[in-house]
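Below: the structure, in structure tokens.
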Amino acid sequence: MVQPKVHELLNQQINKELYSAYLYLDISNYFKAAGLDGFANWYMVQAQEERDHAMLFYTYLQNENMTVTLEAIDKPDKVIKEHMDALKAGLEHEQYVTSLINDIYAAAYDDRDFRTMQFLDWFVKEQGEEETNANDLITKMELFGGDAKGLYMLNQELAARVYSAPSLVL
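Okay, so the sequence shown: first residue is 1126 according to the working numbering, each after it adds one.
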């Protein structure tokens, strides 16, 4: 059974995932205004993933007969003045989300809540992928972003990203 502390953390994670979607929509908006539609697309897909992550937490709580409490979603607070600021904000945020998932996992472990731990296993793996993707974007921008042709090619690569819903079964 989900204990009160784990329930609270899972519920808070819904809000954090929705905030992540807001942040990525904001970054997408920045790149759209900068004329980098591929980057805008990449972050739009990222926002869709984050909304789905929120819904996975939402559904898990409902399936466990736990109350879901929705809170206000904060406005994104990252200041983006140049392209690299956006990419670094994405990586920093993914590292923060990883810490949140780890905190929930630790609380579930302390409570011997194996069902929640099993649910969170997918998110632990996902966060590893999210951090790798964010790091890769920074590396590619460092390598190619200073050259107009390189930036164009990177933008084209990011434009090809398509959304695929998570395959986690609840």
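Ideal Cβ placement from N, Cα and C applies to all residues, glycine included.
Same chain only: Cβ atoms within 6 Å of residue i, ignoring 5 sequence neighbours per side
i            : result
residue 1151 : 1201
residue 1203 : 1214
residue 1140 : 1196
residue 1104 : Nothing about residue 1104 can be read from this structure; the chain reaches only from 1126 to 1295.
Burial state of residue i (16 or more Cβ within 10 Å)
i            : result
residue 1168 : buried
residue 1303 : The question about residue 1303 has no answer here: the residues shown for the chain are numbered 1126 through 1295.
residue 1175 : buried
residue 1186 : buried
residue 1288 : exposed
residue 1272 : exposed
Spatial distance of residue i from residue j (CA atoms)
i            : j            : result
residue 1241 : residue 1170 : 27 Å
residue 1197 : residue 1274 : 42 Å
residue 1253 : residue 1142 : 16 Å
residue 1130 : residue 1206 : 39 Å
residue 1144 : residue 1137 : 11 Å
residue 1100 : residue 1222 : Absent from the structure is residue 1100, since the part of the chain shown begins at 1126 and ends at 1295.
Minimum Cβ-Cβ distance from residue i to chain B less than 8 Å
i            : result
residue 1247 : Protein chains in the displayed structure number just one, and chain B is not present.
Cut-off 7 Å between Cβ atoms - residues of its own chain near residue i, not counting five sequence neighbours on either side
i            : result
residue 1191 : 1127 and 1132
residue 1230 : 1242, 1245 and 1249
residue 1165 : 1153, 1156 and 1157
residue 1220 : 1256
residue 1161 : 1280
heavy atom of the ligand HEM below 7 Å from residue i C-beta
i            : result
residue 1129 : The ligand HEM is not among the ligands present in this structure, which contains no ligands whatsoever.
Contacting residues, own chain, Cβ-Cβ under 8 Å from residue i (five flanking each side not counted)
i            : result
residue 1199 : 1144 and 1147
Query - Cβ pair count under 8 Å reaching 3, the region 1210-1226 against the region 1258-1274 - result: yes
Query - Whole alpha helix (DSSP H) elements within the region 1176-1240, 4-residue minimum - result: Qualifying alpha helix (DSSP H) stretches, in chain order: 1208-1235.
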